[in-house]
Amino acid sequence: MEFCVALPPEQKFSQGWTRAILRHAMTDILPPEIQWRISKGMLGSNFDRQLLKKEQDTLKKTIKEHRVINSYVNLQKLNSAYENYISESQTKGDDSMNVLNGVVLGLWLEHSNLSA
């Protein structure tokens, strides 16, 4: 985390390219057409289904036992997004991304022993 925050702006965005440091690091690892593509991959509904299918226990535990994230997120909105996410047959991208962001934050805080 500190590394990413400490990166100079030109390493993040350079000559019109986003993620410049990553793009340069992937030289000889990724084909140039992938390394320098401008489109961003869409995770879409398959990602939503697989996240819910494979990580439902982790999602539920992290959100419902919110002691780690309660100082950092609006729990009412996160719980609402979670309820929408698990109940809708066709989830909205915002709900799944809000849930994912909240859970990733919670797991990172636990792993780093940085909980408030």
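Per our numbering, the very first residue in the sequence shown carries number 1436; after that it's consecutive.
We put the CB at the ideal spot given by N, CA and C, even for glycine.
Keep in mind it's a predicted model, so treat the numbers as computed, not measured.
>> Quick check: the Cα distance between residue 1517 and residue 1481, rounded to an integer number of angstroms?
In response: 17 Å
>> With H, G and I counted as helix, E and B as strand and the rest as coil, what does DSSP make of residue 1453?
In response: strand
> What is the rounded straight-line gap between the Cα of residue 1507 and the Cα of residue 1549?
Replying inline: 12 Å
> Can residue 1470 and residue 1461 be called in contact, C-beta distance under 7 Å?
Replying inline: yes
> If we count the other Cβ atoms within 10 Å of its Cβ and call it buried at 16 or more, is residue 1505 buried or exposed?
Replying inline: exposed
> Between residue 1448 and residue 1441, which are expected to be in contact by the criterion C-beta below 8 Å, what is the C-beta distance as a whole number of angstroms?
Replying inline: Not confirmed; about 15 Å, so no contact.
>> Applying the 10 Å Cβ sphere with the 16-neighbour rule, what's the burial state of residue 1536?
In response: exposed
> Cβ of residue 1483 less than 7 Å from any chain B Cβ?
Replying inline: Absence of chain B from the displayed structure is noted, only one protein chain being present.
>> Please report the distance separating the alpha-carbon of residue 1446 from that of residue 1467.
In response: 19 Å
>> Let me check one thing: in DSSP terms, what residues is residue 1448 bridge-paired to?
In response: 1453
>> Here's a check: name, in chain order, each residue in its chain whose Cβ is nearer than 7 Å to the Cβ of residue 1453, leaving out the five neighbours to either side.
In response: none
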